[in-house]
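Chemist:
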Amino acid sequence: MRTHPATPAEVDSWLTVLHQRGHLHRAQSGPDTSWIVQREQHDRPWTLHHPVLAMDWIADLVHEIQQQDPETSR
Numbered sequence: 000m001r002t003h004p005a006t007p008a009e010v011d012s013w014l015t016v017l018h019q020r021g022h023l024h025r026a027q028s029g030p031d032t033s034w035i036v037q038r039e040q041h042d043r044p045w046t047l048h049h050p051v052l053a054m055d056w057i058a059d060l061v062h063e064i065q066q067q068d069p070e071t072s073r
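Reminder that position 41 of the sequence shown reads as 40 in numbering that gives the first Met the number 0, one-by-one numbering, no gaps.
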């Protein structure tokens, strides 16, 4: 359980790491603390409109990655 709200810097950090490790095709900051993310090149882009919503989306993605490759959870 989180003890503090998600920050834009935290979202930026997570998206950068996920993009660098090849889990995201595209991740870029948008206006007013929003982010545009795209899982695969041919997927439709998603806009995440708030840091808390972005962290929820990131948590789901990390969970999915861990389910596909249990070694990543270590």
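We treat Cβ as the ideally placed atom computed from N, Cα and C, and that holds for glycine.
Predicted, not measured: the structure shown is a model, and the values here were computed from it.
Note the first and the last residue of the continuous beta strand (DSSP E) segment covering SER28.
Modeler: That run of the beta strand (DSSP E) goes 25–28.
Chemist: Under DSSP, the alpha helix (DSSP H) around THR15 begins and ends at which residues?
Modeler: That run of the alpha helix (DSSP H) goes 7–19.
Chemist: Is it buried or exposed for LEU53, if we count other Cβ within 10 angstroms and need 16 for buried?
Modeler: What sits at residue 53 in the sequence shown is Ala, not Leu. The residue in question, ALA53, is buried, as its Cβ has 16 or more Cβ neighbours within 10 Å.
Chemist: What residue does the beta strand (DSSP E) around GLN37 start on, and which one ends it?
Modeler: First-last of the beta strand (DSSP E) with GLN37: 34–37.
Chemist: Among residues of its own chain, excluding the 5 on either side of ILE35, which ones have a beta-carbon nearer than 6 Å to its beta-carbon?
Modeler: Here the set comprises GLN27, GLY29, PRO44, THR46.
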